[in-house]
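Just below is one structure, and these are the notes that go with it.
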Amino acid sequence: MKFAVVFLSLICLYYSRPVQAQVRQIGGKDASVINYPFMAAISLARTLMGNGAIIQSRWILTSASAVYFTQDSLYDVQVGADTFKGTGNWYEVLRIYRHSEYIGWDHNIALIQLKGHIKYTSVVQPIDLAVTDTDFLEAVMLSYGFNEQGTAHLREGTYKLTATDECVNFVIEDIAKNMIRNQQGYCVFPLSSTGQGQWANDAGAPMVAYGQLYGLFAFAEHRGGINQGSVATRVFKFTNWIQGTITANGACICCTTTIRAQTRQIGGKDVSIQQYPFVAAIAYARQPIGNGAIIAPKWILTSASAVYYYPDNEYDVAVGATDFYGNAKWFKVWQIYKHTEFVGWDDNIAMVLIRGVIQYSDTVQPIDISTSFPDTIEVTMLSYGRNEDGTTHLRAATYTLISDNTDCISLLKADVAKEVIWKQNGFCMIPPPGTEQGQWFDDAGAPMVAEVCALTICAIFVALVATEQTKRQVGDALIIKYPFIVAITFNNNFAGNGVIVAGKWILSTATVFANSPDTAYQAHAGSSNYLQDSTVNGVQRVIRHPQYDGSGNNIALAQMNDIFLETQLLKSVDLGINDVPSASTTMATFGGTAQLQEVINALASDESCISQLYDEANKRIVQEGLAYCVTLSSDYPIGSGDLGAPIMSMNFLYGLYADGLVATRIAIYRGWIQSTMQENP
């Protein structure tokens, strides 16, 4: 009986504290986990306590207020479910790391370490942490918290996150005001005239925008209710704590996709390993993924973006070879140490500890690390990254590195890239005048040397290269970046492109499926050359949008005969969460050829872009919010072979190319996509 009294007193304490988020999300709408596969439900003794986000295979990020009770072993986590206690997988909790300074308000964040690794599927995937900080944005809040209908179905609702003076004046409690002033939190405001609110088991609810995690619902001052301003933890401010906690307890957080360099070294020349015996090739599952430099018998220096996959023991290092697939000496990786403050851009460096000891020879030697940091210097970049000839031969190319703030920063576009230079943590790379040089995906970690000293590690190429890159990029590595793309054929003739959205479903434009019968269509997945080594799946039936009129609502789902089995090269796509008016994007397309290509572009929907369109029907659908204008940043000959091509931003699908330099606007069709798949099992 004494135990029961103590337990009840704890319950009363929990619900009397003013800091707890207070009862349920009101005014949202039901959502599917296929659109938000990072979602996790947190339970205590199988009673819903809150929500969280998968950020790594053993780690869930949540608010400390969602895991207030301190008996960690009583907690479980459910993933991959549309409804709490619905069809999904459960994982036991090993330990919960609440921020050491959390006492009820400030530092309201926690990490849950699971006993086992989460198995990723189309409905279970990690989410990237925000890589930029902002005082204002619109975000989607996601929660299993019981709603006004009395269910525990996953719900989504759009809110304004602010940290302005208006926000500080709105909250009443001084400790809540301080959380905003200290830039640890956001005010959470419903959109105007909407009846929305949050209560107790909404705690820890992820708040996402542009495919990244910006906030975690923390608490409501007034015990919750409709149209009450509430507070969310500001995730970006805790990235160092997140990284440090995970690193100190057995792992490194995965890098975000935004930092990956983008695919091949172009314009270099073949060289011999005898000339540069310190160069190492880094492989994941024996596939080239990056480069490094030997600095000691057991150590390779590289960039963190070259080793973004998990786990560490899947990596190998090759030394002493002129070609990646040549006669190399291979070493298994023991552990990878990424810089503790690396979260996607800055501090982009890593040390690779190998099993065994490298034996030095004429083709295997260490290199000294530079002890100076010149403002300008000419260097040679060395990489096994696949080149324009399609080989993995070691290549050398000359660049000038500059770190002068004025000249260098003026060449950059991304604020996060500029910050790397401001902090003197990186160089801008400039090729010799008149040359056509560039770097892509598997050039990451390429050593850049001068006078036999390593000066820097080639890391964030997309952000730091000063010249315009080749925009039409082709190669095997692209299928790793776009594992969801499919080539669609009709009677074995190329018809267009599409994406995998679920195990038996692909998404494309209705124009791709213009012919009949539906069963004559096939989807080819999992290969950058769809005529070779692809997984072929037949179409059972095509469901076009019921309001498709030849231009507007140009979207269709195809139900396949068989389920696509997920591999590293074959995965489902993440649909765009927010209906943004414009975005910088990339388009993946087979372009009517057998080979996958990438085209840099931008999406827009303003009057300026509409005025440039020739077709009146296309102008109309952009004005009506059904499509985007597509602007290419190169002379790529876009055409019918690009129909249905996915247009991506921040690893999320925002458009499908629909011809005439317009793209179908995906975010507005998420509800139709979801309901169509649910109604046609």
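The sequence shown runs -21 to -1, 1 to 660 under mature numbering (1 follows the signal peptide of the UniProt record, and there is no 0). All residues carry an ideal CB built from backbone N, CA and C; glycine is no exception.
In this structure, Gln92 is the residue among Leu23, Val331, Gln92 and Val601 with its C-alpha nearest to the C-alpha of Tyr76. Every alpha helix (DSSP H) of 4 residues or more that sits fully in the stretch 121 to 159 is shown, in chain order, as 144 to 149. The DSSP-derived three-state label of Leu510 is coil. For Asn292, the three-state secondary structure derived from DSSP is helix. In the three-state scheme derived from DSSP, where H, G and I count as helix and E and B as strand, Asn219 is classed as helix. In this structure, DSSP gives Gln657 a helical state, which the three-state scheme calls helix. Boundaries of the beta strand (DSSP E) around Ala275: Gln266 to Ala275. CA-CA distance, Val343 to Tyr15, rounds to 47 angstroms.
DSSP, read as helix, strand or coil, puts Gly517 in strand. Taken through DSSP and simplified to helix, strand or coil, Thr379 comes out as strand. Ranked by Cα distance from Val478, the options Gly164, Leu622, Ile33 and Pro560 are led by Leu622.
Taking a C-beta distance under 8 angstroms as the contact criterion, Ser42 and Gly183 qualify as a contact pair. DSSP places Leu486 within a strand segment (E or B) once states are collapsed to three. Judged by DSSP in its simplified three-state form, Thr572 adopts coil rather than helix or strand. Collapsing the DSSP output to three states places Val187 in a strand. Taking 8 angstroms as the cut-off, the Cβ atoms of Ala20 and Tyr123 count as close. Nearest in C-alpha terms to Gly529, of all of Ser362, Lys156, Ala637 and Ala211, is Ala637.
Asn270 sits away from Asp326, with the two beta carbons spaced by 8 angstroms or more. When the five nearest sequence neighbours on each side are left out, the beta carbons in the same chain lying within less than 7 angstroms of the beta carbon of Glu398 are those of Asp325, in order along the chain. With a cut-off of 8 angstroms on Cβ pairs, the stretch 135 to 146 is not in contact with the stretch 79 to 91, counting fewer than three such pairs. Annotated as proximal: Thr281 and Ala329, with beta-carbon spacing under 8 angstroms. Relative to the Cα of Leu373, the nearest Cα in the group Val641, Pro256 and Gln653 belongs to Pro256. The bridge partners DSSP lists for Leu373 come to none. For Ala562 and Lys402, the gap between their C-alpha atoms comes out near 27 angstroms.
For Trp84, the secondary structure class from DSSP, reduced to helix, strand or coil, is coil. Note on geometry: alpha-carbon atoms of Thr370 and Ile337 lie some 26 angstroms from one another. No Cβ-Cβ contact shorter than 8 angstroms links Ala425 with Gly505. Secondary-structure assignment with DSSP links Trp278 through a beta bridge to Ala275 and Leu332.
Residue pairing of Gly634 in beta bridges, as defined by DSSP: Ile626 and Arg644. Bounds of the beta strand (DSSP E) holding Ala262 are Val258 to Tyr263. Counting along the chain, the unbroken alpha helix (DSSP H) around Lys598 starts and ends at Glu595 to Gln602. Taking 3 residues as the minimum length, the beta strand (DSSP E) runs contained wholly in the stretch 294 to 325 are 294 to 298 and 308 to 317, in order along the chain. Sequence-distant Cβ neighbours of Asn228 in its own chain, meaning closer than 7 angstroms and more than five residues away, are Gln92. For Asp9, the pairing in a beta bridge is given by DSSP as Arg134. Leu582 is positioned such that its CB atom lies no closer than 8 angstroms to that of Ala489.
Across the structure, Leu40 and Ala493 are spaced so that their CA atoms are roughly 45 angstroms apart.
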